[in-house]
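Contents: one structure, followed by commentary.
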DNA sequence: CCGAGTTATATGAACGTTCAAGCATCACCT
DNA sequence: AGGTGATGCTTGAACGTTCATATAACTCGG
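Residue numbers (this note's numbering), protein chains in the order written: chain W, 4 to 156; chain R, 4 to 156.
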């Protein structure tokens with residue numbers, strides 16, 4: 004806990020900036036992916052994470068962890084991606100409870116169709132306005148905040 | 004549009020950091036406010052924005068704009084806050100279509116009960132890990148990105 | 001002042017997320 | 001082996017957001 008609960012004027016300004024930025028950015032990315040692929044960004048990230056995993060598959064467990072999403076959310080999401088035919092599920096052999104989420108060929112295909120446009124959006128909105136010093140600073144700062152967040156309380 | 008669609012390794016790392024950070028932060032704040040007030044952060048922000056406006060009231064129009072939310076979303080949200088008794092609506096005199104969203108006494112009361120805890124959370128998670136140079140850098144960087152975002156495409 | 005187009009808001013359905021159970025399997029102790 | 005608790009995952013209901021549509025009030029040219 005902090006000694007004073009209030010934010011300084013500067014902190015308040017940054018916080019409002021952050022709120023606006025993250026909403027605008029979120030909306031922008033969301034619409035972009037929705038238009039290109041007809042799925043929300045959260046689902047795109049599932050395809051992306053699976054594509055980088057060995058055998059393009061992950062246990063629901065681990066998938067939820069890399070997404071930092073709840074198991075429930077992950078389960079619902081994978082169920083829907085399964086309907087699209089972009090992911091399929093298989094029981095794991097080692098653990099009878101385990102489910103393996105596997106990126107299908109169609110899912111891979113879809114992903115590589117979408118990815119460049121998505122990357123271009125991210126670049127143009129987040130990185131084009133920044134110079135090298137900015138990105139270095141941003142990396143340092145995000146590292147600090149993330150470390151704090153991941154510490155639990 | 005950018006010349007190359009791909010992100011550099013550093014940009015990719017920052018982007019992932021940002022995604023994780025914003026999700027963790029969002030979850031943290033959301034649960035915090037949900038626990039304290041039983042409303043989502045988006046609704047808390049409505050109370051906050053109204054509290055700062057003249058007569059603690061704004062036209063739906065302007066409210067949506069300061070929130071950077073759609074009119075539909077704002078309408079649904081205010082409807083629900085009205086059920087809680089924290090906001091009420093009144094037709095505007097000048098423009099027969101206009102609706103004025105007004106923070107009630109109960110809404111104000113609720114807000115000042117919640118605000119300090121909320122500020123403490125923001126401070127502890129976002130600002131405590133940063134030193135003065137960090138916050139200055141962050142202000143500069145967010146300013147740049149926001150300017151870009153607000154430029155439209 | 002009449003009608004076409006615009007603006008301000010609301011509404012309902014569809015979708016995604018959260019929350020609280022629920023079920024099956026595993027792990028461990030006896 | 002058999003029970004007790006933990007783990008992995010799913011399900012359904014409740015809620016918030018989005019999208020398309022509706023409605024009412026304004027504007028402005030004729």
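Just so it is clear, CB atoms sit at the ideal spot from N, CA and C, and this is done for glycine as well.
By alpha-carbon distance to residue 77 (chain R), the top candidate from R:39, R:36, R:102, R:153 is R:102. A straight-line Cα-Cα distance of about 7 Å links residue 100 (chain R) and residue 94 (chain R). DSSP, read as helix, strand or coil, puts residue 60 (chain R) in strand. Cβ proximity to chain R below 7 Å picks out 125, 126, 127, 128, 129, 130, 131, 132, 133, 137, 138, 140 from the segment 125-140 of chain W. Minimum Cα-Cα distance from residue 145 (chain W) among the listed residues R:140, R:30, R:147 corresponds to R:140. R:71 is the residue among R:71, R:26, R:49 whose C-alpha sits nearest the C-alpha of residue 152 (chain R).
Taking C-beta atoms as the reference points, residue 138 (chain W) and residue 31 (chain W) fail to come closer than 8 Å. Per DSSP, the continuous alpha helix (DSSP H) segment holding residue 81 (chain R) begins and ends at 74-87. Straight through space, the alpha carbons of residue 24 (chain W) and residue 84 (chain R) are spaced by roughly 25 Å. Against chain R, a Cβ distance below 8 Å from residue 31 (chain W) picks out 152.
The Cβ atoms of residue 60 (chain R) and residue 96 (chain R) do not sit closer than 8 Å to each other. At a cut-off of 8 Å between beta carbons, residue 47 (chain R) makes no contact with chain W. Proximity of chain W to residue 71 (chain R) at the Cβ level (cut-off 9 Å) is accounted for by 22, 23, 26, 27, 30, in chain order.
Excluding the 5 residues flanking it on each side, residue 62 (chain W) has same chain C-beta neighbours closer than 8 Å at 95, 101, 102, 103, 104, in chain order. Around residue 111 (chain W), no beta-carbon contact reaches into chain R at under 7 Å, the shortest distance being about 18 Å. For residue 36 (chain R), not one C-beta of chain W is nearer than 8 Å to its own C-beta. Only exposed fits residue 134 (chain R), as fewer than 16 other CB atoms lie within 10 angstroms of its CB.
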